[in-house]
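Here the structure comes first, spelled out in structure tokens, and everything after it is commentary.
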Amino acid sequence: HEFFHIVTPLNIHSEEIHDYDFMNPQMSAHLWMYEGCTEYAAQHVQVKEGLMDFEKFLDVMQGKMKAASNYDTGIAFTELSKKALDEHANQYGNVYQQGALIGMAVDLKLRHLSDGEYGIQDLMQGLADKFGVEKPFKDEELFDEIAQVSGFPEMKEFLENHVANAEPLPFEKLLGYAGVRYRETDIDTVLSGGNIPIGYNPRSERLVVASTNQLDEFGKALGFEQGDELLEWNGTPLNLDNVQSVLNEFKKSLEAGDKVKVLINRKMENGKKKKKKLKAKAIEVPRERKDVLEIMPNPTPRQKEIRKAWVNV
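Okay, so the sequence shown: first residue is 7 according to our numbering, each after it adds one.
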């Protein structure tokens, strides 16, 4: 990420950044480009150069979608940028989430308009060639400059809608250009892990059941009690480092009805702890997923072409 700042804002920046007044700072409206596109570039280069597989890249961008939803989605990004030091200071972290998603959206929009021939890297190079280290652009003219440099007038309206205004990015359409299916919400089933709120006992250095208030049917069938120390899950020792991977593997490898055994330490009435083996049959439960990204199994020739140009796969 830091390396790619050699592109923006070093070579592409507005007058506010070029003549930055540290005593009386005036923010630019375009943190989406300075930080967001830089963060996007830091992720995108890895998949495009084969350092990260496509599925992992989509997982990263899906994570940014989920993280962005924790911020105020009703604030236009240009407004967030201009007021990032005061009124919207608590929204600044979104430049690395929604900002990166804007970068991806711009890339995909350009790839679509150019039949795969032109993307955000080309745009940034064009802007850097026109401006560079010593020549800033006017903040209010950037969208016009992008339309002119790219040769696609449609980009101005796109940026006005989704950056200067708070209109949601059309992920379904944009990702669809590259043969990626986007669903805002999706319901499927998954093996339950009991919905156990897991805590940690630093004295014993063991994971514990922090509460039983949220246990689902499977958690209740196992018979967890608050304070139980989790020792093994289906024969695999549990610790702070592996608990998530063990539960994930459990959900992948077993089927509903398979026997599950959990070894615990439970505090008895006399104050001593005793090992106890809890048993139940695995149960499937519904799961709601948000911002689901899936590679289409049978993309069209054009989708393949756009995807190849976009991420080189």
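Beta carbons are placed, not taken as given, at the ideal position from N, Cα and C, and that holds for glycine. Computed from a prediction, not measured in an experiment: that's the story for all the values here.
Here residue 300 is not near residue 117, since their CB atoms are 7 Å or more apart. Under the three-state reduction of DSSP output, residue 22 falls in the helix class. In this structure, residue 240 lies away from residue 283, with their beta-carbon atoms at least 7 Å apart. With a cutoff of 7 Å on beta-carbon distance, residue 125 and residue 135 are scored as not near each other. C-alpha of residue 290 to C-alpha of residue 210: approximately 32 Å in a straight line. Per the coordinates, the alpha-carbon of residue 194 lies some 30 Å from the alpha-carbon of residue 307. In the three-state scheme derived from DSSP, where H, G and I count as helix and E and B as strand, residue 81 is classed as coil.
In this model, residue 121 and residue 311 are separated by some 8 Å (Cα to Cα). Residue 130 has its alpha-carbon roughly 7 Å from the corresponding atom of residue 13. In the three-state reduction of the DSSP assignment, residue 171 falls in the coil class, being assigned neither a helical nor a strand state. DSSP assignment within the region 29 to 89 yields the following whole alpha helix (DSSP H) runs of 4 residues or more, N-terminal first: 44 to 54, 60 to 74 and 83 to 88. In the DSSP assignment, residue 194 falls within the unbroken beta strand (DSSP E) covering 186 to 197. Following the DSSP letters along the chain, one finds residue 295 inside the beta strand (DSSP E) bounded by residues 290 to 301. Boundaries for residue 16: no beta strand (DSSP E) harbours it, and the DSSP string shows neither H nor E there. Taken through DSSP and simplified to helix, strand or coil, residue 137 comes out as coil. Residue 208 is not bridged by DSSP to any residue.
For residue 178, the closest C-alpha among the options 197, 21 and 191 is that of 191. In the DSSP assignment, residue 315 falls within the unbroken alpha helix (DSSP H) covering 307 to 317. In this structure, 30 is the residue among 201, 220 and 30 with its C-alpha nearest to the C-alpha of residue 91. Per DSSP, residue 255 lies in no beta strand (DSSP E); the unbroken alpha helix (DSSP H) holding it starts and ends at 249 to 259. When secondary structure is reduced to three states using DSSP, residue 224 falls in the helix class. At least 7 Å separates the beta-carbon of residue 38 from that of residue 80.
Shortest Cα-Cα distance from residue 265 to any of 154, 273, 285 and 247 involves 285.
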